[in-house]
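Asker:
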Amino acid sequence: MKKVPRPPKQTGTTPRSIPVNDGSAQYSFFQNVWDVVRQIPFGRVTSYGAIARYLGTGSSARMVGWAMNASFNISPKVPAHRVVNRNGMLSGKAHFTPPELMQELLEKEGLIVKDETIQEFETHFWDPAVEL
DNA sequence: AGTATGACTCATT
DNA sequence: AAATGAGCCATAC
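For the first sequence, position 107 (counting from the first letter as 1) is numbered 112 according to our numbering, and the numbering increases by one without interruption.
1. If you draw a straight line from the alpha carbon of Leu116 to that of Gly48, how long is it in whole angstroms?
2. Pull up the distance between the alpha-carbon of Thr62 and that of Met68, whole angstroms please.
3. Are the CB atoms of Val89 and Ile123 within a distance shorter than 8 Å?
4. Would you check if the distance between the CB atom of Ala75 and the CB atom of Val42 is smaller than 8 Å?
5. Count the other CB atoms, across all protein chains shown, that sit within 10 Å of the CB of Leu106; report buried if there are 16 or more and exposed otherwise.
6. Does DSSP put Ser76 in a helix, a strand or coil?
7. Within 10 Å of its beta-carbon, does His100 have 16 or more other beta-carbons around it, so buried, or fewer, so exposed?
8. Going by other Cβ atoms of all chains shown within 10 Å of its Cβ, with 16 needed for buried, is Ser65 buried or exposed?
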């Protein structure tokens, strides 16, 4: 797969307030993030930074988080639970409904989550820059 | 229009 | 080794 041609940094002036995938969807940074996240294999996880780096360091990891926040409303569902911070901690669990859902989903995929942190994180880490 | 905030990271103290 | 500050860039107020 390895499309994701590195968006030319659509900064500032670009309209899109929460790019909802309603068909007219112009390719946005968010779309790109979702494309990558959807390709995370079952039972694997990655980090915001890894995605941001894959799309170009120019876009900070914070925006990836925003993309996840918006991902709850888009059609092709995005496995946002497979995205954690670089420590393997479920920093975004508070944004799930209910918050325990994130950990449950991960455990259902065979991962071990202890104290909001994925055990053997490095083993299950999936780096788009490498795998894609 | 300017300030504050965030599902982050990295460098420095 | 833990805490702090600085970059990051789109939203919210």
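Note that beta-carbon positions come from the ideal geometry of N, C-alpha and C, so glycine has one too.
Answerer: Result, derived from the coordinates:
1. If you take the alpha carbons of Leu116 and Gly48, they lie about 7 Å apart.
2. Between Thr62 and Met68, the C-alpha separation is close to 11 Å.
3. With a cutoff of 8 Å on beta-carbon distance, Ile123 and Val89 are scored as near each other.
4. At the C-beta level, Ala75 and Val42 stay beyond 8 Å of one another.
5. When all chains shown are included, Leu106 counts as exposed.
6. If DSSP states are grouped into helix, strand and coil, Ser76 belongs with the helices.
7. With fewer than 16 other Cβ atoms within 10 Å, it is exposed.
8. So Ser65 counts as exposed.
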